[in-house]
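Trainee: When we follow my numbering, the leftmost residue of the sequence shown carries the number -10, and every step to the right adds one. Ideal Cβ placement from N, Cα and C applies to all residues, glycine included. This is the structure I have questions about; it appears just below.
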Amino acid sequence: MQADEFENPGMLWVARGAKLWRQAEGPDGRSCASCHGEAQSMRGAATRYPQVDLGSGRLLNLDGRIMQCRSERQKAEPLAWESEPLLALGAYVAFQSQGLPVRPTIDGAARPFFERGRDRYHLRVGQMNLSCSQCHDANWGRQLGPETISQGHGTGYPVYRLEWQAAGSLQRRLRSCMSGVRAEMFPYGAQAHLELELYLAWRAEGLALEAPGVRR
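Rendered as structure tokens:
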């Protein structure tokens, strides 16, 4: 399903993102295309996120950068995390980099974020007292019920999950994992999520970006 654009349900979000890319927003009627031109200009951009914004020093994932552009440059109403328009724009931008290798930066200003994400990946949490590494490093390839445990790479996000019958972000999947181990879920956009996303991107370095992926 993922390999065929006609069968991949995630392409519905890509198509919607294409419309939003050209849609005028804010008091000046600016669109994404007003600054960036055709979306092909974004080829390679998604492979570098999360990354540190040099102006603010904040760690941003691709969704965060889209929201920053929307609020600071278009002066438009903010989009909610995990909202359909944000998922659509994220899918459309990520799709431009499909097939390119993931290549995050973990040095310099990004290093403290990376190290905290690495620590969190190995931290046992929840009533089940499990860490990410215990599933995705120690037991990948084994069965958990009907499912095969993956290595936890986020190369397909935004992804269409048959379980959700919808597209969703990597943060939605992280929250599902937290729920699965009976741990407190972080809110969307939380610093802890972003740091963990950066560490996961480093683990996937060199792998091809698949977005929009399809998962069960």
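Would a C-beta distance cut-off of 8 angstroms place alanine 99 and leucine 183 closer than the cut-off?
Mentor: no
Trainee: Does the Cβ of leucine 151 have 16 or more other Cβ atoms within 10 Å, making it buried, or fewer, making it exposed?
Mentor: exposed
Trainee: With leucine 133 and leucine 163 assumed to form a contact (beta carbons below 8 angstroms), what rounded beta-carbon distance in angstroms separates them?
Mentor: The Cβ separation is near 17 angstroms, so there is no contact.
Trainee: What are the residues that DSSP puts in a beta bridge with arginine 19?
Mentor: Glu14
Trainee: Residues in the same chain with beta-carbon distance under 6 angstroms from tryptophan 70, minus the five sequence neighbours each way, listed in chain order, please.
Mentor: Tyr177, Gly178
Trainee: Between the C-alpha atoms of glutamine 63 and glycine 18, what's the straight-line distance to the nearest angstrom?
Mentor: Answer to the nearest angstrom: the Cα atoms are 8 angstroms apart.
Trainee: In angstroms with no decimal places, state the Cα-to-Cα distance between aspartate 126 and serine 120.
Mentor: 10 angstroms
Trainee: According to the Cβ coordinates, are proline 39 and glutamate 194 closer than 8 angstroms?
Mentor: Taking 8 angstroms as the Cβ cut-off, proline 39 and glutamate 194 do not qualify as a contacting pair.
Trainee: Pair every Cβ in the region 23 to 38 with every Cβ in the region 49 to 63, then say whether three or more of these pairs are closer than 8 angstroms.
Mentor: yes
Trainee: Does DSSP put glutamine 29 in a helix, a strand or coil?
Mentor: Assignment of glutamine 29 by DSSP, reduced to helix, strand and coil, places it in the helix class.
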